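So the sequence shown is numbered by my numbering: it starts at 19 and just counts up by one. Idealized CB from N, CA, C, for every residue including glycine. These numbers come from a predicted model, not from an experiment. So the structure is just underneath, and the comments pick up after that.
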Amino acid sequence: MIRVGVVGTGYMGENHVRIYSEMEDVRLIGISDPNSSRVKELAARYETLPFSDHKKMLGKTNLDAISIAAPTTLHCPIVLDALEAGVDVLVEKPIADSVENATAMIESAEEMDRHLMVGHIERFNPAVLKLKEVVDSGVLGKIVSVSTRRVGPYNPRIRDVGVILDIGVHDIDIISFIYGMKINQVYAIAGSDIHSFEDHATIHLRLNHSYSGLVETNWLTPHKIRKLTAVGVKGVAYLDYLDQSVEFHDNGWVQTARIEKAEPLQKELSHFICCSRDGTCPSPSGEEGKHALEVALAAIQSYREEKMIEI
19 MIRVGVVGTG YMGENHVRIY SEMEDVRLIG ISDPNSSRVK ELAARYETLP
69 FSDHKKMLGK TNLDAISIAA PTTLHCPIVL DALEAGVDVL VEKPIADSVE
119 NATAMIESAE EMDRHLMVGH IERFNPAVLK LKEVVDSGVL GKIVSVSTRR
169 VGPYNPRIRD VGVILDIGVH DIDIISFIYG MKINQVYAIA GSDIHSFEDH
219 ATIHLRLNHS YSGLVETNWL TPHKIRKLTA VGVKGVAYLD YLDQSVEFHD
269 NGWVQTARIE KAEPLQKELS HFICCSRDGT CPSPSGEEGK HALEVALAAI
319 QSYREEKMIE I
């Protein structure tokens with residue numbers, strides 16, 4: 019029985035609480051949030067202990083693993099507290115608000131011999147996993163371009179970061195994942211019209227100096243779109259994150275992949291719990307999360323300074 023806790027009971031944190039409460043061989047020991055009325059209400063609903071301070075939860079419970087779904091600026095201190103308490107950590111994306119803080123978290127996990135996983139949920143989308151399988155099989159030939167479109171209306175709950183760190187970082191990570199290589203150059207055009215941070219961005223990526231990626235993201239489109247196109251020398255794939263569908267086109271055929279649909283977060287948390295139980299290394303790792311953060315921050319620097327940034 020893995021004893022687990024959750025820090026942060028906002029929209030994403032509540033989903034962590036819900037899924038953990040439904041898992042076999044997992045016991046939801048406690049949840050923490052400074053909003054005492056909110057955390058008490060959720061604790062009563064899911065039959066667990068409420069805490070207004072994560073340190074008290076760590077001190078008064080014997081946790082094996084913890085999910086951290088607090089605001090990005092708070093990730094580093096909470097993660098360090100959990101690691102020092104000897105707990106395996108899943109922290110929501112982006113891993114941190116700075117590369118320096120991400121590095122401190124990774125080094126602490128290594129020092130404490132604990133797992134540090136980053137919640138890039140699209141890694142567990144069945145459509146993404148199918149596309150990765152097909153790309154790695156060589157069916158599309160050499161992949162030369164991966165482009166994504168992640169747009170939709172603004173959610174007022176997002177106040178501490180802009181669109182690049184909030185949702186653009188998903189596709190930055192997925193492009194790196196699909197290619198199986200790191201991004202080494204970034205050029206971005208972005209702006210702020212309805213938010214204090216950037217609310218629309220087009221991000222150009224280069225990998226290994228000969229492969230391209232393109233991320234289009236905004237909080238201005240009145241309806242949600244989550245799509246990806248991967249172009250290979252033998253064909254093209256069209257992926258819809260929301261429908262969890264993938265189509266493959268070549269000169270003679272259009273094929274639709276058979277995909278067993280599932281809730282990506284449930285798959286993500288199951289992977290985390292299995293790693294905590296078995297001692298296997300989780301993915302996305304702290305280093306993978308740090309790379310996605312580096313690229314996202316470089317994109318912000320690029321649009322502000324109007325120049326290409328080397329990673």
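Can you tell which of the options has the C-alpha that lies nearest to the C-alpha of residue i?
| i | options | result |
| --- | --- | --- |
| L108 | V162, C293 and G137 | G137 |
| R168 | I185, V162 and G159 | I185 |
| V117 | G31, E312 and Q319 | E312 |
| L101 | R63, K252 and D131 | D131 |
| I207 | I221, S214, D217 and A280 | I221 |
| E323 | A280, D258 and Y205 | Y205 |
| D178 | Q273, H289, L257 and E216 | E216 |
| Y172 | G270, H218, E140 and I139 | H218 |
| A62 | I96, K74 and I47 | I47 |
In or out: residue i buried (at least 16 other Cβ within 10 Å) or exposed?
| i | result |
| --- | --- |
| D154 | exposed |
| P174 | exposed |
| M19 | exposed |
| T27 | buried |
| K111 | buried |
| L260 | exposed |
| K160 | exposed |
| P240 | exposed |
| N226 | exposed |
Since residue i contacts residue j with CB under 8 angstroms, what's their CB separation in whole angstroms?
| i | j | result |
| --- | --- | --- |
| L183 | I201 | About 15 angstroms; that fails the 8 angstroms criterion. |
| M123 | L149 | No, M123 and L149 are not in contact; Cβ-Cβ is about 29 angstroms, not under 8 angstroms. |
| A316 | I327 | 4 angstroms |
| E265 | T166 | Between T166 and E265 the Cβ distance is about 16 angstroms, and since that is not below 8 angstroms, they are no contact. |
| A83 | S214 | With 8 angstroms as the limit, A83 and S214 do not qualify as a contact, their Cβ atoms being about 35 angstroms apart. |
| A314 | V187 | 5 angstroms |
| A248 | I318 | Not really, about 25 angstroms apart at Cβ, beyond 8 angstroms. |
| I193 | V157 | Going by Cβ atoms, the distance from I193 to V157 rounds to 19 angstroms, so no, they are not a contact pair. |
| H72 | S50 | 4 angstroms |
| F142 | H289 | 7 angstroms |
| K308 | A120 | 4 angstroms |
Out of curiosity, what's the CA-to-CA distance linking residue i and residue j?
| i | j | result |
| --- | --- | --- |
| G198 | Y229 | 11 angstroms |
| L67 | T91 | 25 angstroms |
| E128 | D106 | 11 angstroms |
| A114 | G250 | 34 angstroms |
| E32 | L60 | 8 angstroms |
| V22 | E40 | 12 angstroms |
| R56 | E286 | 25 angstroms |
| G209 | S320 | 12 angstroms |
| V25 | V146 | 28 angstroms |
| Q203 | L232 | 12 angstroms |
| S301 | M135 | 6 angstroms |
| A255 | H267 | 6 angstroms |
| G297 | L238 | 43 angstroms |
| I329 | Q284 | 33 angstroms |
| S126 | G304 | 11 angstroms |
| K78 | H93 | 21 angstroms |
| D43 | K325 | 51 angstroms |
| S54 | H133 | 29 angstroms |
| I291 | R244 | 28 angstroms |
Counting only beta-carbon separations shorter than 8 angstroms, does residue i have a partner in chain D?
| i | result |
| --- | --- |
| G28 | No chain D appears in this structure, which consists of one protein chain only. |
> Which runs of the alpha helix (DSSP H), 4 residues or longer, sit entirely within the stretch 131 to 208?
Replying inline: 144 to 155 and 187 to 197
> Curious, which full-length alpha helix (DSSP H) runs of at least 4 residues does the stretch 47 to 131 contain?
Replying inline: 54 to 64, 72 to 78, 93 to 102 and 117 to 130
> Taking only runs of the alpha helix (DSSP H) that begin and end inside the stretch 257 to 296, which ones reach a length of at least 4 residues, in chain order?
Replying inline: 282 to 296
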